Amino acid sequence: MIDLREKRGCVVFVVKAQPRSSKSRICGAYNGGLKVSLKAAPVDDAANEECCELFAKVFGVPQSRAHIVSGRSSRTKSVMIEGVSAEAAALILEPYC
């Protein structure tokens, strides 16, 4: 089960990132959040950008509406998607759980 929080019309959830993987994808639920594999290395913010790209694609929003709000230098991050409610996010993320 993924813990989704809604703040001012945006959904926020926790992500555990694994950089330097063979491909970028959502692996599944992990400790109340999501585990993701990212192809990029954690250098020059490349993995963070790729994480935002991945979630923008999954939610069908422009990349400018996906942000990392905490944990930019950590493997555990909080990701915010603008304009998506917690209910809508739960439906979108259901196949990955």
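All residue numbers in the sequence shown are consecutive under my numbering, ending with 97.
We put the beta carbon where it would ideally sit given N, CA and C, even for glycine.
It should be emphasised that the depicted structure is a prediction, and the values quoted were computed from it without experimental measurement.
Helix, strand or coil: how does DSSP classify Arg-119 here? Any question about residue 119 goes unanswered here, given that the chain covers just 1 to 97.
Assuming Gly-33 contacts Val-15 (C-beta within less than 8 Å), just tell me the rounded distance between them. Rounded, the Cβ-Cβ distance is 6 Å, consistent with contact.
May I ask you to report which of helix, strand or coil DSSP gives Val-84? coil
Can you tell me the Cα-Cα spacing of Gly-9 and His-67, whole angstroms? Taking the straight line joining both Cα atoms gives about 14 Å.
Best match in Arg-75, Ala-88, Val-69 and Ser-64 for proximity to Leu-38 [C-alpha to C-alpha]: If we check each option's Cα against that of Leu-38, Arg-75 comes out closest.
Provide the residue(s) that pair with Gly-71 in DSSP beta bridges, ordered along the chain. Per DSSP, none; premise fails for Gly-71.
Cβ pair Ala-47, Ala-56 closer than 9 Å: no
To the nearest angstrom, how far is it from the Cα of Ile-92 to the Cα of Ile-81? 12 Å
Locate the beta strand (DSSP E) running through Cys-27, then write down its first and last residues. 25-30
Should Pro-19 be labelled buried (16 or more other beta-carbon atoms within 10 Å of its own) or exposed? By the neighbour-count rule (16 or more Cβ atoms within 10 Å), Pro-19 is buried.
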